[in-house]
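In the working numbering, the protein residues as written are 10 to 173. Just so it is clear, CB atoms sit at the ideal spot from N, CA and C, and this is done for glycine as well. The structure displayed is predicted, hence computed values, not measured ones. Worksheet: one structure, shown below.
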Ligand SMILES: NC(=O)c1ccc[n+]([C@@H]2O[C@H](COP(=O)([O-])OP(=O)(O)OC[C@H]3O[C@@H](n4cnc5c(N)ncnc54)[C@H](OP(=O)(O)O)[C@@H]3O)[C@@H](O)[C@H]2O)c1
């Protein structure tokens with residue numbers, strides 16, 4: 010599985026149930042990367058999508074709530090074990106995990122690839138990326154997008170692969 014997220018200089022990722030920022034270049038990267046694939050989110054992050062699945066992706070939600078609380082085209086998974094079973098049973102799918110913090114913490118032992126956007130600023134945040142042991146990973150790419158009229162801060166897109 011692949012984690013995909015954006016964090017600011019304080020490792021902040023969320024504020025009041027939403028993203029702390031509006032960064033079109035990062036949204037475009039997220040959309041381009043995850044479209045056509047499978048996307049797992051926690052119940053709170055799913056609510057931040059408006060409680061509807063993101064289009065052109067298979068949407069999975071990790072939650073203890075009943076499946077009938079979610080739209081019918083969402084796959085509801087109740088436990089980490091259910092996520093791992095789903096991944097085993099669907100080897101043809103690329104599974105992106107879009108957070109939030111609770112879900113990243115729950116799945117940290119199992120992630121193979123990290124797609125981190127470093128947001129070169131400090132925002133008002135109340136949710137943080139859980140600690141990552143980067144010594145277990147190798148950075149394989151890094152691309153920086155400079156400030157422009159659409160993006161008020163520089164972004165760096167980094168990819169890490171777990172070293173076995
Ligand atoms: N910057 C980024 O890239 C990024 C990415 C994603 C999210 N965010 C932000 O992060 C914030 C949300 O993060 P969050 O940590 O508060 O919430 P979250 O991880 O999105 O959702 C938490 C909920 O997911 C379910 N859950 C999590 N782990 C579980 C487990 N092991 N087993 C069963 N259910 C589990 C529970 O749902 P139930 O209570 O329903 O059981 C839990 O309340 C928002 O502000 C969002 O905008 C930012």
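Around the C-beta of residue 151, fewer than 16 other C-beta atoms lie within 10 Å, and the residue is accordingly described as exposed. Excluding five sequence positions before and after residue 55, the CB atoms of its chain that fall closer than 6 Å to its own CB belong to 70, given in chain order. In this structure, the alpha-carbon of residue 67 lies about 7 Å from that of residue 83.
Residue 125 is classed as buried because its beta carbon has at least 16 other beta carbons within 10 Å across all chains shown. Residue 142 places its beta carbon 8 Å or farther from that of residue 25. Here residue 163 carries a coil assignment [DSSP, helix/strand/coil]. At a Cβ-Cβ threshold of 8 Å, residue 50 and residue 107 count as neighbours.
The DSSP-derived three-state label of residue 41 is helix. Distance from the CA atom of residue 32 to the CA atom of residue 41, rounded to whole angstroms, is 14 Å.
Contact annotation: residue 34 and residue 123 have beta-carbon atoms that are not nearer than 8 Å. Residue 97: member of the alpha helix (DSSP H) spanning 89-98, first to last residue. Counting only the Cα atoms, residue 30 lies some 10 Å from residue 17. Between the C-alpha atoms of residue 78 and residue 88 there is a straight-line separation of about 16 Å. With a cutoff of 7 Å, residue 71 counts as near ligand 1, since its C-beta is closer than that to a heavy atom of the ligand.
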